[in-house]
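**Q** Would you mind keeping the following structure in view while I ask a few things?
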Amino acid sequence: MIHDERMQRDPALVRIQEAVALWSVGQVTAAELVSLGCELLVAGFDGMNLAMLAGVHARNADEEVPDLLEAALDDVGLRHYPAGSDAGLEAALSIMASRVLAGRMSPMDLATWAHSTIGHDRLPIAERLVDLDDVYDTLEYIDMTEQDLDNEILAEARRITAIAGDSGSSTHPFPTS
């Protein structure tokens with residue numbers, strides 16, 4: 038397995054691991070994963086399965102990538118998230134929450150994404166965030182400002198990333214040992 042230290046140093050590994058989590062929830066295409074597989078080869082990573090993934094033609098990616106992805110990720114010590122899996126949803130949620138905390142996404146966009154992608158009563162770690170998205174529709178009727186709501190969403194994003202940062206957590210999108 039790849040250690041966190043190497044993951045932090047190698048942007049190609051980070052990009053593909055995030056993309057795999059987002060692919061599992063339909064936010065990244067299979068063709069994008071093929072391109073990222075090529076990027077890993079160029080960055081010096083190796084493996085027969087990784088080379089097979091990188092060799093998939095874009096027009097065949099939707100059919101071939103699901104069968105090749107897990108083994109290709111094993112070649113470089115990364116986690117696989119099956120399409121539609123709760124583990125993939127949790128990893129994608131952590132990635133999106135991190136984007137909000139980095140200022141690359143608005144709090145409202147995170148809540149809307151969680152509501153439309155995860156929905157109510159599917160993933161306990163996301164439930165508060167999904168509920169907060171509903172609050173945007175009622176702001177004019179309650180004693181709360183949009184900034185107050187954004188602050189609550191930021192607090193949720195911090196909570197989610199803290200849970201994901203726990204190396205013992207199944208929501209952590211990157212291997213830790």
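If you count by the working numbering, then the sequence shown holds residues 38 to 214, one letter each, in order. Think of the CB as a built atom: it goes at the ideal place given N, C-alpha and C, for glycine as much as any other residue.
Are ILE197 and SER131 touching if we call contact CB-CB under 8 Å?
**A** By one-based count along the sequence shown, residue 197 stands at place 160. By one-based count along the sequence shown, residue 131 stands at place 94. Going by C-beta atoms, ILE197 is nearer than 8 Å to SER131.
**Q** Can you grab the Cα-Cα spacing for the pair SER207 / ASP83, in whole Å?
**A** Along the sequence shown, one-based indexing puts residue 207 at 170. Along the sequence shown, one-based indexing puts residue 83 at 46. Residue placement at SER207 cannot be trusted, given a pLDDT of 42 that sits under 50; the coordinates are not used to answer.
**Q** What is the residue span of the alpha helix (DSSP H) that TYR173 lies within?
**A** As a first step, residue 173 must be located in the sequence shown, where it is residue number 136. 164 to 173 is the span of the alpha helix (DSSP H), which, as asked, contains TYR173.
**Q** Between the C-alpha atoms of ALA95 and ASP180, what's the straight-line distance to the nearest angstrom?
**A** Position 58 of the sequence shown, counted from the first residue, corresponds to residue 95. Position 143 of the sequence shown, counted from the first residue, corresponds to residue 180. Straight-line Cα distance between these residues: approximately 51 Å.
**Q** Is ASP187 near MET142, with beta carbons less than 8 Å apart?
**A** The residue you call residue 187 lines up with position 150 of the sequence shown. The residue you call residue 142 lines up with position 105 of the sequence shown. No.
**Q** Within a Cβ cutoff of 8 Å, which residues of the same chain sit near ASP158, ignoring the five residues on either side of it in sequence?
**A** As a position in the sequence shown, residue 158 is number 121, starting the count at 1. Sequence-distant Cβ neighbours of ASP158 in its own chain, meaning closer than 8 Å and more than five residues away, are GLU164.
**Q** Please classify ALA129: does DSSP put it in a helix, a strand, or coil?
**A** Taking the sequence shown and counting its residues from 1, one reaches residue 129 at position 92. Helix at ALA129.
**Q** Leaving out five residues before and five after GLU101 in sequence, what residues of the same chain have Cβ atoms less than 7 Å from its Cβ?
**A** In the sequence shown, residue 101 corresponds to position 64, counting from 1. Excluding positions up to five away in sequence, the list reads VAL93.
**Q** Grab me the residues of HIS117's own chain with a C-beta within less than 7 Å of its C-beta, minus the 5 sequence neighbours each way, in chain order.
**A** Here residue 117 is taken as the residue at index 80 of the sequence shown, counted from 1. Excluding positions up to five away in sequence, the list reads VAL57, LEU106, GLU107, LEU110.
**Q** Applying the 10 Å Cβ sphere with the 16-neighbour rule, what's the burial state of ALA120?
**A** By 1-based counting over the sequence shown, the position of residue 120 is 83. Label assigned to ALA120: exposed.
**Q** Count the other CB atoms within 10 Å of the CB of ALA134; is the residue buried (16 or more) or exposed (fewer)?
**A** As a working mapping, residue 134 is identified with position 97 in the sequence shown. The residue is buried, with at least 16 neighbouring Cβ atoms inside 10 Å.
**Q** Please report the straight-line C-alpha distance between GLU76 and ALA49, rounded to a whole angstrom.
**A** By one-based count along the sequence shown, residue 76 stands at place 39. By one-based count along the sequence shown, residue 49 stands at place 12. Those two C-alpha atoms are separated by around 7 Å.
**Q** Go ahead and pull the three-state DSSP assignment for SER16.
**A** This structure cannot speak to residue 16, because the chain is shown only from 38 to 214.
**Q** With distances taken from CA atoms, which of GLY125, ALA192, SER72, LEU126 is nearest LEU138?
**A** The sequence position of residue 138 within the sequence shown is 101, counting from 1. It is ALA192 whose Cα lies nearest to the Cα of LEU138.
**Q** Less than 8 Å between the beta carbons of LEU166 and LEU147, yes or no?
**A** Locating residue 166 in the sequence shown gives position 129, where the first residue counts as 1. Locating residue 147 in the sequence shown gives position 110, where the first residue counts as 1. Yes; because the gap between Cβ atoms is below 8 Å, this pair is in contact.
**Q** So, are the CB atoms of ASP123 and ALA151 less than 8 Å apart?
**A** The residue labelled residue 123 in the question sits at position 86 within the sequence shown. The residue labelled residue 151 in the question sits at position 114 within the sequence shown. No; because the gap between Cβ atoms is not below 8 Å, this pair is not in contact.
**Q** Please list, in chain order, all residues of the same chain as ALA91 whose beta carbon is under 6 Å from its beta carbon, the five residues on each side excluded.
**A** Sequence index remark: in the sequence shown, residue 91 carries index 54 (1-based). Once the five neighbours on either side are set aside, the close Cβ partners of ALA91 are GLY74, CYS75, LEU78.
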